[in-house]
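Student: Got a structure here, written out as structure tokens. Questions coming.
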Amino acid sequence: MLISNMEVIPQKRILKHLGLVQGSTVRAKHVGKDILSGFKNILGGELTAYTELMSEAREEATERMIAQAESIGANAVLNVRFATSSVAQGAAELFVYGTAVVLDGASV
Amino acid sequence: MYEIGIIIVMLIIGYSFGSIREKAHFKSIFERESKYQDILIFNQKTSPSPATEGGGEMVQGNVVVSVDYFKMFVSGLRKLVGGRLTSYESLLDRGRREALLRMKAQARTMGANAIFNVRFETSSISKGAENSIGSVEVLAYGTAIKQMG
């Protein structure tokens, strides 16, 4: 499965468009990590716990999108976009969407 | 009286550690920026030269950075009169450059030398929450391409 945010992959032909696929996940923060990050916030700098949380959540959303694309017989998702929205206090929704296509000669 | 003491101690800790950590972070950013100088970044959608050897996989980099207590306090005072919040400006600068560098590092492991269609996204995790920490998440993503020549 090829994931790309370009509209056209160089040297690869799009055989078939299969429409929009999407994946999303809502994640909340861990209370313990929340408190630790609160302390770290006094010192400033990177909050690694949150960086990990966001990248893990984004991976999960991407996996859900890939599962959806596979179920309709695509071998690539193009023009992928990320979106984040805050639903409730302390929770974030991560949303990934793209166009499922069948590519000529892409490794499945 | 006791509470004022705690605030003053936190301000001192925030100022001393915060400025040391920010300087160290900027130093490492400058070092890695010269290290990954050969990877070109474009926000064009397609590559102008048709000569590409391959690639096409998405790369991304994200980081959550926060301001220290001292800077948060100072920007709180600045908000009374308005104007530039320099402490938040440097925070976002750090975040964006760090996210770009992490994206470039991922492209390097794939052997790519150019990244196309780069997009930035910024989100705050604890927006509007009480006692919210002044942190911001920056995500940079794009498509890694191996170009010839």
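Taken in order, these protein sequences are the chains called A and B. Here this note's numbering is used: position 94 in the first sequence is 94, and no number is missing along the way. Here this note's numbering is used: position 43 in the second sequence is 43, and no number is missing along the way. All residues carry an ideal CB built from backbone N, CA and C; glycine is no exception. Because the structure is a prediction, the values reported are computed rather than measured.
#1: Which chain B residues are close to Leu20 of chain A, counting only those with a beta carbon under 7 Å from its beta carbon?
#2: Spatial neighbours of Glu3 of chain B within its chain, please: C-beta separation below 8 Å, excluding the five flanking residues on both sides.
#3: Expressed to the nearest angstrom, what Euclidean distance is found between the alpha-carbon atoms of Ala76 of chain A and Val101 of chain A?
#4: On the three-pair Cβ rule with 8 Å, is the stretch 31-38 of chain B touching the stretch 60-72 of chain B?
#5: At a CB-CB cut-off below 7 Å, which residues of chain A make contact with Met58 of chain B?
#6: Please check if any C-beta of chain B sits within less than 7 Å of the C-beta of Val101 of chain A.
#7: For a contact defined as C-beta to C-beta under 7 Å, what are the partners of Thr143 of chain B on chain A?
#8: Out of curiosity, what's the CA-to-CA distance linking Val74 of chain B and Gln147 of chain B?
#9: What are the residues that DSSP puts in a beta bridge with Gln22 of chain A?
#10: Mark Asn117 of chain B as exposed unless 16 or more other C-beta atoms lie within 10 angstroms of its C-beta, in which case mark it buried.
#11: Let me make sure I understand the geometry here. Which of A:Gly44, A:Gly98 and A:Val31 has the alpha-carbon closest to that of Arg81 of chain A?
#12: Is the stretch 56-65 of chain A in contact with the stretch 10-19 of chain B, if contact means three or more CB pairs nearer than 8 Å?
#13: Is there at least one Cβ from chain B nearer than 7 Å to Glu46 of chain A's Cβ?
#14: Less than 7 Å between the C-beta atoms of Asn62 of chain B and Leu139 of chain B, yes or no?
#15: Please state whether DSSP places Thr4 of chain A in a helix, a strand or coil.
Tutor: Inspection of the coordinates gives the following:
#1: Ordered by position in chain B, no residue passes the 7 Å Cβ test against Leu20 of chain A, which lies about 17 Å from the chain.
#2: none
#3: 6 Å
#4: no
#5: Ile3, Ser4, Asn5 and Val80
#6: The beta carbon of Val101 of chain A does not come within 7 Å of any beta carbon belonging to chain B, so the residue lies off that interface.
#7: The answer, in chain order, is Ser4, Asn5 and Met6.
#8: 47 Å
#9: A:Tyr97
#10: Burial call: buried.
#11: A:Gly98
#12: no
#13: At least one chain B Cβ lies under 7 Å of Glu46 of chain A.
#14: yes
#15: Thr is not the amino acid found at residue 4 of chain A; the sequence shown has Ser there. Ser4 of chain A: coil per DSSP, three-state reduction.
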